[in-house]
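If you read the sequences in order, they're chains V and S.
Sequential numbering from 825 applies to the first sequence in my numbering.
Sequential numbering from 2 applies to the second sequence in my numbering.
Take a look at the structure set out below.
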Amino acid sequence: MRRLLHAALTLLGVMALVFLLFHAFGGDPAEILGGLNARPEQVALIREQLGLDRPLWVQFGRYLGQVLSLDFGRSWATQEPVAQILASRLPATLTVMGPILLLEVLLAIPLALAVAVLRGSLTDRLLMGLTTLAMSISFLVYVIVGQWLFAFQLGWFPVQGWSTDGLRNLIQYAPLPIGLAVLVGLAPLVRLYRSFFLEEIGRDHVRTARAKGLAPSRILLRHVLPNAWIPILAQLGAQLPGVFVGSFLIESFFSIPGLGREILLAVNRSDYPVIQAVTILLAGVTLIVNATTDALYRRADPRVGAAAA
Amino acid sequence: MSVHPSRGPLAEVWQRLRRDRVGLGALLVVLAFVAVIVAVASGLLAADWARERAFPHAPPGLWAGEAAGAATMPAGSDPRDSARRLDLSAIDPLAPHRAEWDRRTAELRTTEPVRAGSLPLGADRLGRDVLAKALRGTQVSVSVGVLAALLAVGLGTLLGAIAGYRGGWVGAVLESLYSVFTAIPGILLILAFAAVLGRGLGSVVLILGLTGWTTVYRLVRAEFMRHARRDHVLAAEALGVGPLRRMVRHILPSVMPVVLVQLSLHVIGFIKYEVILSYLGLGVAIDQVSWGTMLAEAQGELLLGVWWQLAVATAFMALFVTAFSLMTDALRDALDPQLAYRTGGRTGNGPGGSPRP
């Protein structure tokens, strides 16, 4: 119950932050809506219609009421309801981001386990040095070179594009962006998971298991992996909300009509209702995900609940 | 019996750092970059990066190639010549203005720059020297990263120190501020700030600094809570040392290793963010050059087979970031050998875990 109250208060704080941010620095919405040729009377009229001439706390109260009734208003640029914009852009984002997260985790766990076993060896040090170098190059470079090499030169994939058919998107258009994102995301993830595994490998019960003469593979699967699940779950939980935002870079680079590109368009057009709605919804999703991972921890590790109580 | 003079803590750190060959090499590379950045900032290097110096997309090469001016126009093709031959002044409605126009034309001089056929590292679409652009871009990108990291880490340290030492209702307010900022995915928060702050170098620093303080806040708060109950701090309190002095003089020095390592980690993270923001059109202003704007130009160039700008910008960035990461690792080990276990941060991860811009 306390947890729920805290989450509700945090959400209120997010709304206040977003509201104040756009009101303090965002420029006058009435002038943006009125356009370049609006006369002062017209701007004043728009201001009155939107209630912008009222005191700040009245505006915040009205805004709060709108958000609570899940009415985010209309986009200033296209007059499309914001809820409809979000609903129509989400499938494309999920088509790209879902496979990325899944592939990354499924590939990173065995790789990190393998590297953790080889710790201290020349292969390990070489691999760690290589990942430092690979991670120092911008994501943007991989995307530029990847598109040029695989799509433009080799012709394995379409350069970019998207269709209305979900399956065709997944098979034809999504593989290149997904592949590049996984390629880039894998190095830091393997390093992170490796550190989780190394911490577990150093523990007493693992040493005992080794002293008992258990097979190395059995030690890894039965004694190391189960304990490493907790930091892995925590890290996944932190990444999950990002799945809904999508990758701004990937989506704008490959012209995928997802949420990320939509938010970027909104930022470039100063389309505040869209940005506000996305920010608040994402904060809500984050809080739900956090609560769920908390509950999952307790399932994965009874000690967590005992320590918190 | 010989008595060793006791060395200060900084001398200890230097002793440990000196034994780390890789870290020392990385430090030298970073110092070389610092020298270049100072030279560029003071106008000694790459001051005229925006000047047209070669043909568009001139390839890299050590020999200057054939220097060439503008192609001379064949006589007679100038439209003014034909106008002079045919006297239309009686019916030409523009005739009264011609004398004035001619006078004003004479006042203006156009100069044709001498364009080189090739430059050491090639030229971009406007014939600008890629090497000069890369040097200038290094200064801009690294400055953005360092300034934003100073802002973020300074803010995080200040708030973390207050929350960790004072606690109470001040701490509770700061904790809820922290939950609000972390409830929004990082890149989205950055874009929301970018929407209202606009673009330009100062804006990028502000955006990254104001959104990136949370990791440092968390760590510094934990450190201050840990140290506040240490014996030497309690002793200082018993002696009547004020709270501000206790925080700054008695706790902060023990927390500095964490802060310094976080500072370097944030510099790397923010440099990477600047590249992405510049590509998305939310980065530095259009009359400035950074690694991000160079890479953004490179996307179209690559399809034309012009690879040098991409290669140069990538090489500069990779060299700096790798050296800086290795230096950070060495610095952490030298400052406090146990730190790696406590903070768990590995280089290369941006602020708040691995960024997915």
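Here a beta-carbon is modelled for each residue, glycine too, at the ideal position from N, C-alpha and C.
Since this is a predicted model, take the numbers as computed values, not measurements.
So is residue i in contact with chain S if we call contact Cβ pairs under 8 Å?
i: L978/V; result: no
i: P1065/V; result: yes
i: I1054/V; result: no
i: S962/V; result: yes
i: L1060/V; result: no
i: G837/V; result: yes
i: V920/V; result: no
i: L1106/V; result: yes
i: T1103/V; result: yes
i: T1170/V; result: For chain V, the structure presents residues 825 to 1133; residue 1170/V sits outside this window and is missing.
i: I1087/V; result: yes
i: N861/V; result: no
i: V842/V; result: yes
i: W972/V; result: yes
i: L954/V; result: no
i: I1043/V; result: no
i: S1094/V; result: yes
i: S1076/V; result: yes
i: L914/V; result: no
i: I968/V; result: yes
Tell me whether the beta-carbon of residue i lies closer than 8 Å to the beta-carbon of residue j.
i: S962/V; j: M318/S; result: yes
i: D54/S; j: L136/S; result: Checking the displayed sequence, the identity of residue 54/S turns out to be Arg instead of Asp. Going by C-beta atoms, R54/S is not nearer than 8 Å to L136/S.
i: S279/S; j: G270/S; result: no
i: Y997/V; j: G985/V; result: yes
i: V197/S; j: F1020/V; result: no
i: A362/S; j: A133/S; result: Residue 362/S is absent from the structure shown; chain S starts at 2 and stops at 358.
i: I185/S; j: V838/V; result: yes
i: G187/S; j: E275/S; result: no
i: P1001/V; j: I1074/V; result: yes
i: V181/S; j: T834/V; result: yes
i: V285/S; j: G201/S; result: yes
Using a C-beta cutoff of 8 Å, does residue i count as contacting chain V?
i: D21/S; result: no
i: G282/S; result: yes
i: K273/S; result: yes
i: V197/S; result: yes
i: I287/S; result: no
i: L160/S; result: no
i: S385/S; result: Within the shown structure, residues of chain S are numbered from 2 to 358, placing residue 385/S beyond reach of any answer.
i: G9/S; result: no
i: V35/S; result: no
i: R17/S; result: no
i: S204/S; result: no
i: L327/S; result: yes
i: P358/S; result: No answer about P358/S holds up, because its pLDDT of 40 lies below 50 and its placement is not dependable.
i: A12/S; result: no
i: A193/S; result: yes
Once the 5 residues before and after residue i are set aside, which same chain residues still bring their CB inside 6 Å of it?
i: G165/S; result: R222, F225 and M226
i: T139/S; result: F317
i: Q1100/V; result: V842
i: S1094/V; result: I856
i: L160/S; result: L175 and Y218
Output needed for residue i: all residues of its chain with C-beta closer than 7 Å, excluding positions within five of it in sequence on either side, in chain order.
i: H1047/V; result: H1029, V1030 and A1033
i: A932/V; result: L1010, L1013, V1014 and Y1017
i: A27/S; result: A324, L327, M328 and A331
i: G827/V; result: Per the sequence shown, residue 827/V should be read as Arg rather than Gly. Here the set comprises A1115.
i: G897/V; result: Q890, V906 and P1097
i: T158/S; result: V217, V221 and V260
i: P999/V; result: F981
Just to confirm the assignment, what range does the alpha helix (DSSP H) spanning residue i have?
i: T111/S; result: Unbroken run through T111/S: none, as it is neither H nor E.
i: Q300/S; result: W292 to L304
i: I185/S; result: No alpha helix (DSSP H) holds I185/S; DSSP gives it neither H nor E.
i: E928/V; result: V906 to V941
i: P10/S; result: P10 to R20
i: V115/S; result: First-last for V115/S: undefined, no H or E at that position.
i: N1092/V; result: L1083 to N1092
i: W50/S; result: From DSSP, W50/S is part of no alpha helix (DSSP H); its letter is neither H nor E.
i: I1025/V; result: P999 to I1025
Excluding the 5 residues flanking residue i on each side, which residues of the same chain have their C-beta closer than 8 Å to its C-beta?
i: V1/S; result: Residue 1/S is absent from the model: chain S starts at 2 and stops at 358.
i: L127/S; result: E53 and P57
Q | Members of the stretch 294-323 of chain S that neighbour chain V once the beta carbon cut-off is set at 7 Å | A | Per Cβ criterion, the list reads L296, A299, Q300, L303, L304, L311, T315, M318, A319, V322 and T323.
Q: Output, in sequence order along the chain, the residues in the stretch 171-188 of chain S whose CB is closer than 7 Å to any CB in chain V.
A: Cβ contacts with chain V come from S177, S180, V181, A184, I185, P186 and I188.
Q | Contact residues within the stretch 140-152 of chain S, judged by C-beta distance below 9 Å to chain V | A | Listed in sequence order: no entries.
Q.
So if I threshold CB-CB distances at 8 Å, which residues from the stretch 920-943 of chain V count as touching chain S?
A. The stretch 920-943 of chain V vs chain S, Cβ under 8 Å: nothing.
Q | Residues of the stretch 248-278 of chain S whose Cβ lies closer than 7 Å to any Cβ of chain V, in chain order | A | Shown in chain order are the members of the stretch 248-278 of chain S whose Cβ falls below 7 Å from a Cβ of chain V: K273, V276 and I277.
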